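Each residue of the sequence shown is one higher than the last, beginning at 0 in the numbering used here.
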Amino acid sequence: MDFTSFDKRHYPVLRPSDGYGEWAPTYEATVLDLMDLRLLAQLRCVDWKESAAAIDLACGTGRIGAWLRAQGVRRLDGVDLTPAMLALATQKNVYDTLQQGDVTATGLTYGAYDLATQSLADEHLADLQPLYREVARLLRPGGRFVLVGYHPHFLMLGMPTHFDRANGESVTVESHVHLFADHVAAAHAHGFVLQEMIESVIDDTWVAAKPKWETHRNHPISFAMVWRR
(Lines of atoms letter the chains of each structure in order from A and count residues from 1; the text may use other names and numbers.)
(Lines give C-alpha, C1' and ligand atoms only; values in the text may rest on other atoms or scores of the structure.)
Protein backbone atom coordinates (compact mmCIF):
# COMPACT_ATOMS: atom_id res chain seq x y z
CA MET A 1 0.00 0.00 0.00
CA ASP A 2 1.36 3.43 -0.95
CA PHE A 3 2.40 5.46 2.09
CA THR A 4 1.75 8.76 0.31
CA SER A 5 -1.91 8.93 1.30
CA PHE A 6 -0.92 8.70 5.00
CA ASP A 7 2.03 11.09 4.90
CA LYS A 8 1.54 14.05 7.26
CA ARG A 9 5.11 15.34 7.29
CA HIS A 10 5.91 15.52 3.57
CA TYR A 11 9.66 15.26 4.00
CA PRO A 12 11.81 14.75 0.90
CA VAL A 13 11.81 11.04 0.05
CA LEU A 14 15.03 9.11 -0.60
CA ARG A 15 15.49 5.66 -2.09
CA PRO A 16 16.56 3.11 0.54
CA SER A 17 20.10 2.80 -0.84
CA ASP A 18 20.59 6.57 -0.78
CA GLY A 19 18.77 7.15 2.49
CA TYR A 20 20.62 4.55 4.50
CA GLY A 21 23.89 5.61 2.95
CA GLU A 22 23.37 9.08 4.44
CA TRP A 23 21.91 7.80 7.68
CA ALA A 24 24.67 5.28 8.42
CA PRO A 25 26.93 7.54 10.56
CA THR A 26 24.10 8.43 12.98
CA TYR A 27 21.85 5.38 12.63
CA GLU A 28 22.73 3.67 15.90
CA ALA A 29 22.38 6.92 17.82
CA THR A 30 18.85 7.45 16.55
CA VAL A 31 17.27 3.98 16.44
CA LEU A 32 16.32 2.80 19.91
CA ASP A 33 16.74 -0.82 20.98
CA LEU A 34 13.11 -0.60 22.08
CA MET A 35 12.14 -0.85 18.40
CA ASP A 36 13.59 -4.27 17.80
CA LEU A 37 16.02 -5.75 20.34
CA ARG A 38 13.45 -5.61 23.12
CA LEU A 39 11.04 -7.60 20.95
CA LEU A 40 13.67 -10.17 19.99
CA ALA A 41 14.44 -10.73 23.67
CA GLN A 42 10.75 -11.38 24.37
CA LEU A 43 10.34 -14.17 21.81
CA ARG A 44 9.84 -17.56 23.43
CA CYS A 45 9.77 -20.07 20.58
CA VAL A 46 13.33 -19.43 19.34
CA ASP A 47 16.33 -20.95 21.09
CA TRP A 48 19.00 -18.75 19.52
CA LYS A 49 21.96 -20.81 20.64
CA GLU A 50 20.61 -23.83 18.75
CA SER A 51 21.13 -22.01 15.46
CA ALA A 52 24.10 -23.46 13.61
CA ALA A 53 23.89 -21.07 10.67
CA ALA A 54 21.98 -17.78 10.42
CA ILE A 55 21.54 -15.11 7.76
CA ASP A 56 20.88 -11.51 8.81
CA LEU A 57 19.04 -9.87 5.92
CA ALA A 58 19.29 -6.08 5.69
CA CYS A 59 21.92 -6.37 8.41
CA GLY A 60 22.65 -2.63 8.41
CA THR A 61 25.29 -1.57 10.92
CA GLY A 62 25.33 -5.00 12.56
CA ARG A 63 23.18 -4.18 15.60
CA ILE A 64 21.12 -7.32 15.17
CA GLY A 65 24.17 -9.40 14.34
CA ALA A 66 25.91 -8.38 17.54
CA TRP A 67 22.79 -9.32 19.52
CA LEU A 68 22.51 -12.70 17.77
CA ARG A 69 26.12 -13.53 18.54
CA ALA A 70 25.56 -12.60 22.17
CA GLN A 71 22.69 -15.11 22.25
CA GLY A 72 24.96 -17.91 21.02
CA VAL A 73 24.32 -18.06 17.27
CA ARG A 74 27.31 -19.99 15.95
CA ARG A 75 27.63 -18.99 12.29
CA LEU A 76 26.30 -15.69 10.98
CA ASP A 77 26.27 -14.14 7.52
CA GLY A 78 24.95 -10.71 6.60
CA VAL A 79 23.51 -9.05 3.51
CA ASP A 80 22.74 -5.38 3.04
CA LEU A 81 22.10 -3.03 0.14
CA THR A 82 24.22 -0.16 1.41
CA PRO A 83 28.04 -0.06 1.43
CA ALA A 84 28.16 2.54 4.21
CA MET A 85 26.10 0.31 6.49
CA LEU A 86 28.20 -2.74 5.64
CA ALA A 87 31.37 -0.83 6.48
CA LEU A 88 30.06 -0.28 10.00
CA ALA A 89 28.90 -3.89 10.29
CA THR A 90 32.37 -5.07 9.32
CA GLN A 91 33.86 -3.16 12.25
CA LYS A 92 31.77 -5.16 14.72
CA ASN A 93 33.53 -8.41 13.75
CA VAL A 94 30.43 -10.52 14.40
CA TYR A 95 29.76 -11.83 10.87
CA ASP A 96 31.49 -14.74 9.18
CA THR A 97 30.70 -13.18 5.81
CA LEU A 98 29.17 -9.91 4.65
CA GLN A 99 28.01 -9.08 1.16
CA GLN A 100 26.33 -6.21 -0.59
CA GLY A 101 23.12 -7.30 -2.24
CA ASP A 102 19.36 -7.37 -2.58
CA VAL A 103 17.66 -9.27 0.25
CA THR A 104 15.09 -10.59 -2.21
CA ALA A 105 17.76 -12.11 -4.46
CA THR A 106 20.89 -12.84 -2.44
CA GLY A 107 22.41 -15.50 -4.65
CA LEU A 108 23.39 -17.44 -1.51
CA THR A 109 23.26 -21.23 -1.33
CA TYR A 110 19.87 -22.95 -1.27
CA GLY A 111 18.97 -24.38 2.13
CA ALA A 112 22.13 -23.10 3.82
CA TYR A 113 20.54 -21.70 6.99
CA ASP A 114 18.34 -22.75 9.88
CA LEU A 115 17.63 -19.15 10.91
CA ALA A 116 16.96 -15.96 8.96
CA THR A 117 16.36 -12.55 10.49
CA GLN A 118 15.30 -9.18 9.18
CA SER A 119 14.72 -6.06 11.26
CA LEU A 120 13.10 -2.75 10.34
CA ALA A 121 13.41 -3.19 6.59
CA ASP A 122 10.24 -4.76 5.20
CA GLU A 123 8.51 -1.35 4.93
CA HIS A 124 11.03 -0.38 2.24
CA LEU A 125 9.91 -3.23 -0.03
CA ALA A 126 7.06 -2.50 -2.41
CA ASP A 127 6.09 -6.19 -2.44
CA LEU A 128 6.61 -8.78 0.32
CA GLN A 129 6.35 -11.83 -1.92
CA PRO A 130 9.97 -11.75 -3.19
CA LEU A 131 11.28 -11.48 0.38
CA TYR A 132 9.39 -14.51 1.65
CA ARG A 133 10.25 -16.46 -1.50
CA GLU A 134 13.97 -15.81 -1.03
CA VAL A 135 13.89 -16.65 2.68
CA ALA A 136 12.09 -19.90 1.91
CA ARG A 137 14.86 -20.70 -0.58
CA LEU A 138 17.61 -19.98 1.94
CA LEU A 139 16.14 -21.92 4.87
CA ARG A 140 16.35 -25.63 5.52
CA PRO A 141 13.08 -27.45 6.23
CA GLY A 142 12.07 -26.54 9.78
CA GLY A 143 14.10 -23.32 9.68
CA ARG A 144 12.74 -20.12 11.18
CA PHE A 145 12.36 -16.62 9.80
CA VAL A 146 12.27 -13.94 12.50
CA LEU A 147 11.00 -10.65 11.11
CA VAL A 148 10.83 -7.45 13.15
CA GLY A 149 8.97 -4.63 11.46
CA TYR A 150 7.87 -1.06 11.83
CA HIS A 151 4.19 -1.38 12.70
CA PRO A 152 1.82 -0.53 9.82
CA HIS A 153 -0.41 1.28 12.30
CA PHE A 154 2.35 3.78 13.11
CA LEU A 155 3.01 4.36 9.42
CA MET A 156 -0.70 4.95 8.91
CA LEU A 157 -0.57 7.60 11.63
CA GLY A 158 1.64 9.49 9.20
CA MET A 159 5.01 8.81 10.82
CA PRO A 160 7.51 7.69 8.14
CA THR A 161 10.93 6.18 8.63
CA HIS A 162 13.01 9.35 8.75
CA PHE A 163 16.23 10.95 9.96
CA ASP A 164 17.89 14.36 10.09
CA ARG A 165 20.69 15.24 7.74
CA ALA A 166 23.84 16.96 9.02
CA ASN A 167 22.31 20.32 8.05
CA GLY A 168 19.21 19.61 10.15
CA GLU A 169 16.89 18.84 7.22
CA SER A 170 14.52 15.95 7.90
CA VAL A 171 14.20 13.36 5.14
CA THR A 172 12.35 10.08 4.87
CA VAL A 173 13.29 6.74 3.37
CA GLU A 174 10.79 5.44 0.82
CA SER A 175 8.21 3.38 2.71
CA HIS A 176 5.25 1.11 1.99
CA VAL A 177 2.44 0.03 4.29
CA HIS A 178 2.08 -3.75 4.59
CA LEU A 179 -0.88 -5.01 6.57
CA PHE A 180 -0.44 -8.17 8.60
CA ALA A 181 -2.69 -9.88 6.08
CA ASP A 182 -0.05 -9.10 3.44
CA HIS A 183 2.60 -10.87 5.51
CA VAL A 184 0.32 -13.87 6.05
CA ALA A 185 -0.48 -14.15 2.34
CA ALA A 186 3.18 -13.91 1.31
CA ALA A 187 4.33 -16.32 4.00
CA HIS A 188 1.67 -18.92 3.29
CA ALA A 189 2.41 -18.75 -0.43
CA HIS A 190 5.96 -19.91 0.32
CA GLY A 191 5.28 -22.60 2.86
CA PHE A 192 5.61 -20.76 6.18
CA VAL A 193 3.55 -21.28 9.33
CA LEU A 194 3.34 -18.58 11.99
CA GLN A 195 4.70 -19.73 15.37
CA GLU A 196 4.71 -16.53 17.39
CA MET A 197 3.86 -12.85 17.07
CA ILE A 198 4.26 -9.98 19.51
CA GLU A 199 3.69 -6.23 19.26
CA SER A 200 5.29 -3.30 21.05
CA VAL A 201 3.37 -0.17 22.05
CA ILE A 202 4.49 3.26 23.17
CA ASP A 203 4.79 2.80 26.93
CA ASP A 204 6.49 4.52 29.87
CA THR A 205 9.94 3.45 28.67
CA TRP A 206 9.31 4.92 25.25
CA VAL A 207 7.96 8.17 26.64
CA ALA A 208 10.97 8.47 28.96
CA ALA A 209 13.23 8.24 25.92
CA LYS A 210 11.03 10.42 23.69
CA PRO A 211 8.85 12.71 25.85
CA LYS A 212 7.14 14.26 22.82
CA TRP A 213 5.69 10.85 22.04
CA GLU A 214 3.32 11.03 24.99
CA THR A 215 0.64 11.80 22.39
CA HIS A 216 1.33 8.37 20.85
CA ARG A 217 1.05 6.44 24.13
CA ASN A 218 -0.45 2.95 23.71
CA HIS A 219 -0.16 3.04 19.92
CA PRO A 220 1.67 0.00 18.48
CA ILE A 221 5.03 0.93 16.96
CA SER A 222 6.75 -2.34 16.05
CA PHE A 223 6.10 -6.06 15.84
CA ALA A 224 7.91 -9.38 15.61
CA MET A 225 6.83 -12.50 13.77
CA VAL A 226 8.40 -15.97 13.86
CA TRP A 227 7.68 -18.08 10.80
CA ARG A 228 8.64 -21.74 10.46
CA ARG A 229 9.34 -23.25 7.07
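All C-beta atoms in this analysis are idealised placements derived from N, C-alpha and C, irrespective of residue type, glycine included. Bear in mind the structure is a predicted one, so any value in this text is a computation, not a measurement.
In DSSP terms, what residue i is bridged to
{"i": "ILE197", "result": "ALA223"}
{"i": "GLN98", "result": "VAL78"}
{"i": "LEU13", "result": "VAL172"}
{"i": "THR116", "result": "ASP55, VAL145"}
6 Å Cβ shell around residue i - same chain, five flanking residues per side excluded
{"i": "VAL134", "result": "ALA115, PHE144"}
{"i": "HIS189", "result": "TYR131, ARG132, ALA135"}
{"i": "PHE153", "result": "ILE220"}
Nearest residue (CA-CA) to residue i, options the options
{"i": "LEU156", "options": "HIS177, HIS215, ARG14", "result": "HIS215"}
{"i": "LEU127", "options": "PHE179, TYR112, ILE197", "result": "PHE179"}
Beta-carbon proximity of residue i to residue j, cut-off 9 Å
{"i": "PHE2", "j": "HIS218", "result": "no"}
{"i": "PRO159", "j": "ARG8", "result": "yes"}
{"i": "LEU75", "j": "LEU85", "result": "no"}
{"i": "GLY110", "j": "ARG227", "result": "no"}
{"i": "VAL78", "j": "ASP55", "result": "yes"}
{"i": "TYR10", "j": "SER169", "result": "yes"}
{"i": "GLY148", "j": "ASP121", "result": "yes"}
Classification of residue i by the beta-carbon crowding that lies within 10 angstroms, buried from 16 upward
{"i": "GLN117", "result": "buried"}
{"i": "GLU213", "result": "exposed"}
{"i": "ALA69", "result": "exposed"}
{"i": "PRO24", "result": "exposed"}
Close-in-space but distant-in-sequence residues of the same chain around residue i (CB under 7 Å, 5 per side omitted)
{"i": "ILE201", "result": "TRP212, HIS215, ARG216, ASN217, HIS218, ILE220"}
{"i": "ALA65", "result": "LYS91, VAL93"}
Residue i CB to nearest heavy atom of the ligand ATP below 8 Å
{"i": "ALA23", "result": "As presented, the structure is devoid of all ligands, the ligand ATP included, so that no description of it is given."}
Sequence-distant residues of its chain with Cβ nearer than 8 Å to residue i (five each side left out)
{"i": "GLN41", "result": "ILE197, ALA223"}
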